[in-house]
Amino acid sequence: MKISLATAALCALLSPCGAALSQSPTAGTNAPAPPQQAGPHILRTYPLHYASTQAEQNEIVTAIRNLVSPQLRIMLVPSRGEIAAVGGPEDLKLTEDLVAKLDVPSKLYRLTYTFTDSDGGKRIGVARYTMTLAPGQRMQMKQGSRVPLTVTKGAQAADPGRQIAYLDVGLNFDSQVEEYGGGVRLKSKVEQSSLADEKTGASEDPMIRQTLLEGVTTLADGKSVSLGEIDIVGSTRHLQVEAMIEAVK
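In mature numbering (1 follows the signal peptide of the UniProt record, and there is no 0), the protein residues as written are -19 to -1, 1 to 230.
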């Protein structure tokens, strides 16, 4: 049966299918139309309670962008610690679920440094220093004394003469942990300093002895790892430094 051109045109105008074909630049092809989400677009904000650093917040935003449909518009507001999103009800519900699953409290770890001091092969002392920190957090701890030093000002100074400065002597810990595979990677700097008996030449300023251990190692939960062993110069003493990590329940 033959259909006139006028009849076909009228059918195209009245038929939803025909209207879609007449408006689509890909009419006559089998290419599927992009999915469109029904319903109005809504603006909503999601506060982040536990992701404190911008790197952690960016990871959550990236996960939402990768898992929710492209129709969702999303951005991070770092100054407020919030995620702002515009989209349909389904996309916003999925975004809410993702934020609830990803914005969770960080795991805490208890890090213990153990100093074992021996003299002539005989143990003479053990000291332990403990701190609690989260992955990505830098923790510093100091224990010791502040020693006064006399500093001479240059002749060009407005008030030439001497002034007192202070030097920290004792133990200094600088630690950072990251979850790595099945364990924890520790980046540490352990510094021990003490006053020597002799003076620095003609001046009365004390001489400072220093021991420094710095590096990166991987720790397993509940197991001690030796960071280093040092023979103290000018004596029969020996110092061993160990580290142990434990997950806080």
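Yeah, the Cβ is synthetic: ideal placement off N, Cα and C, and Gly gets one too.
Of the other Cβ atoms in all chains shown, 16 or more fall within 10 Å of the Cβ of S169; this residue is therefore buried. For the 7 angstroms CB-CB criterion, M225 and T93 form a contact. Residue L48 holds the alpha-carbon nearest to the alpha-carbon of E71 among L48, P59 and L89. Under the three-state reduction of DSSP output, D155 falls in the strand class. Taking a contact as a CB-CB distance under 8 angstroms, the pair L176 and V150 counts as one, their CB atoms being some 6 angstroms apart.
It is roughly 19 angstroms from the alpha-carbon of R54 to the alpha-carbon of E37. With distances taken between CA atoms, P187 lies nearest to V128 out of V128, L29 and E210. Excluding sequence positions up to five before and after D212, its CB lies within less than 6 angstroms of the CB of H219, all in the same chain and listed in chain order. E63 has its alpha-carbon roughly 9 angstroms from the corresponding atom of M56.
DSSP lists no beta-bridge partner residue for K74. Closest in alpha carbon position to G209, among Q221, E172, V165 and T198, is Q221. In this chain, A32 is not harboured by any beta strand (DSSP E), its DSSP state being neither H nor E. In the three-state scheme derived from DSSP, where H, G and I count as helix and E and B as strand, R166 is classed as strand. 7 angstroms or more divides the Cβ of A146 from the Cβ of V165.
The DSSP-derived three-state label of A81 is helix. D84 is a Cβ neighbour of A32, given a cutoff of 7 angstroms.
A distance of 7 angstroms or more separates the beta carbons of Q124 and L148. DSSP links M225 through a beta bridge to T93 and S205.
The alpha carbon of P28 has as its nearest neighbour, out of T192, G101, A65 and V107, the alpha carbon of A65. Taking the Cα positions, E160 is about 22 angstroms away from L194. Annotated as distal: D100 and G106, with beta-carbon spacing of 7 angstroms or more. If you draw a straight line from the Cα of G215 to the Cα of D178, it is about 12 angstroms long.
In the DSSP assignment, A66 falls within the beta strand (DSSP E) that extends over E63 to G68.
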